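Letter by letter, the sequence shown follows residues 36 to 370 in the numbering used here. I have placed the structure first, in the form of structure tokens, so that the comments after it can refer back to it.
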Amino acid sequence: MLMQAQNKADKGRWSALVLVMMAAAMMVVATLPEAQAGGKKGWVYVHSHYKQADLENMGAAKGADVYIYTPDGTLVSSGFGNGAWTPGRQIPLDPGQYLIEVGTERSVHNLRKITVGSNAITHIETGWVAVTTWPRRDQPLENCRAWDASIKAYLLVDGQRHLISSNTPAKGREKGRIQLPVGTYEIHWHGLAVNVEVKAHHVTYLSTGAAGPYAGEDVLLAADKTEGAGVPSIKLCSDGPSHVLAGSWWVGQTEKIEDYPYEKRVWEQVQVTAIDEEQSRSLKADRVKGRVYKGAGSKPEVLSAEEVTALKGYKEGKLKKAAGSGGFDVDEAGF
């Protein structure tokens with residue numbers, strides 16, 4: 036009898052506890068903002084094309100990080116690490132306007148304006164740039180250095196380079212690729228650079244060829260025959276051809292002369308022929324369930340010069356005054 040009475044008492048206390056918990060949960064839901072309590076919501080989806088496990092089997096493959104900010108530069112954090120989100124997932128946001136940054140590096144010049152609609156998904160399209168080089172055991176090394184699949188992508192703004200993404204260090208891997216938003220970038224590989232248009236849902240392979248060999252210890256392959264700082268160049272190997280970007284380049288060799296400095300560099304233009312069979316390949320867009328937002332701001336929009344100036348301190352969540360103005364008015368700037 037005592038045991039039965041005890042069991043009934045225990046059941047009564049558990050029932051009361053469950054009722055209290057249910058009431059508390061109802062109170063919490065009631066105090067949540069409308070968007071969190073089942074109200075209107077929107078999403079951003081950055082296409083990834085690959086699963087993380089697939090990338091890990093692709094050599095030095097590097098997907099982008101996704102940063103989202105309110106118009107005043109305040110980070111909408113994922114809650115992990117430095118607050119970045121990962122492509123390939125729906126990012127929940129209240130409807131409205133945002134800034135988005137897609138890349139492995141941080142640059143105000145990579146910020147884009149987007150709009151998130153109600154109960155709809157704003158799709159951010161991306162593409163990839165890839166390169167495949169020779170195994171290190173097959174590379175010549177005399178008077179030159181070994182290379183791998185390390186690539187970097189820059190935006191050129193007013194003649195200045197701004198790093199957007201890279202897979203460095205590639206740690207000697209022969210294959211590499213990086214994810215980028217749609218657009219045109221200056222891609223650097225093996226000491227030289229080429230402009231590449233990144234298309235939505237495509238992987239673009241860098242077109243490569245072979246240069247040399249050339250006799251001598253100081254033979255340069257350069258983008259311009261004007262030697263000096265800011266001109267990309269590499270040393271060519273003397274014991275075998277060097278694997279370089281295809282295109283038109285300048286080869287500079289030194290010649291002895293009688294007067295100081297007793298040598299001069301003589302340049303000749305060369306054409307490196309592409310040896311690649313494939314330059315671009317389409318990728319399947321991610322399959323995402325839900326209504327696609329197609330209204331104003333559904334496509335990423337480049338910031339104006341005024342907005343770039345005002346958002347210089349966006350990584351610290353601070354606005355700076357626009358040059359020549361008393362401040363930065365979001366509405367007046369058109370955002």
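By construction, the Cβ of each residue, glycine as well, lies at the ideal position given by its N, Cα and C atoms. The structure displayed is predicted, hence computed values, not measured ones.
Looking from the CA of A281, the closest CA among R300, C272 and Q314 belongs to Q314. Using a Cβ distance threshold of 8 Å, I222 and V164 count as a contacting pair.
Between the beta-carbon of Y295 and that of L146 there is about 51 Å, and that puts the pair past the 8 Å contact cut.
Sequence-distant Cβ neighbours of K299 in its own chain, meaning closer than 8 Å and more than five residues away, are T289, E290 and I292. Setting aside the 5 residues that flank it on each side, E303 is surrounded in the same chain by V286, each with a C-beta closer than 6 Å to its C-beta; the list follows chain order. In this structure, K210 lies near G94, with their beta-carbon atoms less than 8 Å apart. A contact between stretches requires three or more CB pairs, one per stretch, nearer than 8 Å, and the region 199 to 210 fails this requirement with the region 241 to 256. Here Q314 carries a coil assignment [DSSP, helix/strand/coil].
V217 and D193 have their C-alpha atoms some 20 Å from each other. In the DSSP assignment, the residues bridged to E232 are T219. Secondary structure remark: continuous alpha helix (DSSP H) runs of at least 4 residues inside the region 76 to 153, in chain order: 87 to 91. E252 sits in coil when the DSSP states are folded into three classes, being neither helix nor strand. Residue range E298 to V307 is occupied by the beta strand (DSSP E) that includes E303. Non-local beta-carbon contacts of P276 in its own chain, meaning distances under 8 Å to residues more than five positions away in sequence, involve P175, A245, A246, G247 and P248 in chain order.
At a Cβ-Cβ threshold of 8 Å, P130 and K86 do not count as neighbours. Here H237 really is in contact with S317; their C-beta atoms are around 6 Å apart, less than 8 Å.
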